[in-house]
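J.: Everything in the sequence shown is counted per our numbering, starting at 10 for the first residue and increasing by one.
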Amino acid sequence: MADPSFALQVALLDRLKEEVVSCKTYDHVPMNTPLPYVTIGSEISSNDDPLAGRRDIRLLYLTVWSDFEGQEEVKRIMSEIDAATHERPLLLPPNSGRVVSIRVIRKQSTPEPDCITYQGSVTLRIITQH
Numbered sequence: 010m011a012d013p014s015f016a017l018q019v020a021l022l023d024r025l026k027e028e029v030v031s032c033k034t035y036d037h038v039p040m041n042t043p044l045p046y047v048t049i050g051s052e053i054s055s056n057d058d059p060l061a062g063r064r065d066i067r068l069l070y071l072t073v074w075s076d077f078e079g080q081e082e083v084k085r086i087m088s089e090i091d092a093a094t095h096e097r098p099l100l101l102p103p104n105s106g107r108v109v110s111i112r113v114i115r116k117q118s119t120p121e122p123d124c125i126t127y128q129g130s131v132t133l134r135i136i137t138q139h
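#1: Between the Cα of I135 and the Cα atoms of I114, S105, H37, which residue gives the shortest distance?
#2: Using the Cβ count rule (16 or more neighbours within 10 Å means buried), how would you classify M40?
#3: Just tell me which of G79, N104, Y70 has its CA closest to the CA of Y127.
#4: Could you check where the beta strand (DSSP E) with R134 kicks off and where it finishes?
#5: What first and last residue would you give for the alpha helix (DSSP H) that runs through R97?
#6: Looking only at C-alpha atoms, which of L22, S54, D57, S14 sits nearest to I90?
#7: Beta-carbon separation of T94 and P13 under 8 Å?
#8: In whole angstroms, what is the alpha-carbon distance linking S54 and I111?
#9: Exposed or buried, what is D65 when buried is set at 16 or more other beta-carbons lying within 10 Å of its beta-carbon?
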């Protein structure tokens, strides 16, 4: 069975659609895209137990970008991501593995140096099996 990394990304993009999270989520942000939006950032994967088969622990980083005055919008969007993902089942296409668990393990918001833009970071801990 193939590594579920890309299937997981597609499923997350579908889960975080605008009906669930109040802004768009991108893997690649088109030029001149207005804020707010969420980006799927880096993913780190490690084999949980090489002797027991393919069970990987993945850390996937999501970033929220906003130019709303203050951190209210960033925190609201991070809360929407949390509600959409934390301990919620996520199905992958057949023959692409399965998601055992998703947990939000960290959220952080910070102002950017321009004093206009705010960034929120959400770290997902995802266990997959393939």
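All residues carry an ideal CB built from backbone N, CA and C; glycine is no exception.
Given the structure is predicted, the values throughout are model-derived calculations rather than measurements.
T.: Looking at the atomic coordinates:
#1: The residue labelled residue 135 in the question sits at position 126 within the sequence shown. The shortest C-alpha separation from I135 is found at I114.
#2: Working through the sequence shown from its first residue, we reach residue 40 at position 31. When all chains shown are included, M40 counts as exposed.
#3: Looking up residue 127 in the sequence shown gives position 118. Selected option, being the one with the closest Cα: G79.
#4: Residue numbering aside, residue 134 sits at position 125 when the sequence shown is read from its first letter. Residues 127-138.
#5: Position 88 of the sequence shown holds residue 97. Note, R97: premise wrong, no alpha helix (DSSP H); not H, not E.
#6: The count along the sequence shown starts at 1 and reaches residue 90 at position 81. Minimum Cα distance to I90 is reached at L22.
#7: As a first step, residue 94 is located in the sequence shown; it is residue number 85 there, counting from the start. As a first step, residue 13 is located in the sequence shown; it is residue number 4 there, counting from the start. No.
#8: The count along the sequence shown starts at 1 and reaches residue 54 at position 45. The count along the sequence shown starts at 1 and reaches residue 111 at position 102. When rounded, the distance between both Cα atoms is 14 Å.
#9: Residue mapping note: residue 65 aligns to position 56 of the sequence shown, counting from 1. Around the beta-carbon of D65, 16 or more other beta-carbon atoms lie within 10 Å, marking it buried.
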